[in-house]
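Visitor:
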Amino acid sequence: QVHLVETGGGLVQPGGSLNLSCTVSGVTEQRFRFYHMAWYRQAAGNQRELAASITHDGIITYVDSVKGRFTISRDNGRRTVHLQMNNLVPEDAAVYYCHIQGHDWWGQGTQVTVSS
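So for the sequence shown, my numbering puts the first residue at 5; every next one is plus one.
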């Protein structure tokens, strides 16, 4: 059974940074390498939106609002995907979810709060 576990959320002041991690279990490293991975986020009262994604061969996309501030990366050997978030603003506050694209596999989410 595939499990995704996100860590790294928390409370940060505007301008601060957080590094989210998502580790996938229940799959081999070889299989993980072929997954397209993504971070979604959902703020209170809003729809879930794609924040960043990375394909199996390293093609990266970001939603416009995070370009230049967020960096997505993957470590296939550890079956982990990271989201480095810098210069956070209150509008980034949301529950962040890890997702394997093309499959109905999601993590439980990690809360990011940006407040002074």
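Using N, Cα and C, we set each Cβ at its ideal position, and we do this for glycine too. For clarity, every value in this text was computed on a predicted model and none was experimentally measured.
1) So the candidates are GLU95, ASN23, PRO94, GLN105; which of them puts its Cα closest to the Cα of THR114?
2) Quick one: complete alpha helix (DSSP H) runs, 4+ long, within the segment 20–62?
3) Can you tell me whether ALA42 is buried or exposed, with buried defined as 16 or more other CB within 10 angstroms of its CB?
4) With a threshold of 16 other CB atoms inside 10 Å of the CB of PHE36, please say whether the residue is buried or exposed.
5) On the DSSP letters alone, give me the boundaries of the beta strand (DSSP E) that SER77 sits inside.
6) Per DSSP, what are the beta-bridge partners of HIS107 in this structure?
7) Should SER29 go down as buried or exposed, given a rule of 16 or more other Cβ atoms within 10 Å for buried?
8) Around the Cβ of GLU10, are there at least 16 other Cβ atoms within 10 angstroms (buried) or fewer (exposed)?
9) Throw me the rounded Cβ distance for the GLY20 and LEU92 pair, which I believe falls under 8 Å.
10) Restricting to Cα atoms, I'd like to know which of SER69, ALA48, VAL99, PRO18 is closest to GLY111.
11) Can you give me the start and stop residues for the beta strand (DSSP E) that LEU8 sits inside?
Guide: On the basis of the supplied data:
1) Selected option, being the one with the closest Cα: ASN23.
2) The segment 20–62 contains these whole alpha helix (DSSP H) runs: 33–36.
3) Only buried fits ALA42, as 16 or more other CB atoms lie within 10 angstroms of its CB.
4) With 16 or more Cβ atoms within 10 Å of its Cβ, PHE36 is classed as buried.
5) Element bounds for SER77: 74–79.
6) DSSP lists no partner for HIS107.
7) Counting Cβ neighbours within 10 Å, SER29 comes out exposed, since fewer than 16 surround it.
8) GLU10 should be labelled buried.
9) So it is a contact: roughly 5 Å between Cβ atoms.
10) Ranking the options by Cα distance to GLY111, first place goes to VAL99.
11) Annotation for LEU8: the continuous beta strand (DSSP E) segment containing it runs 7–11.
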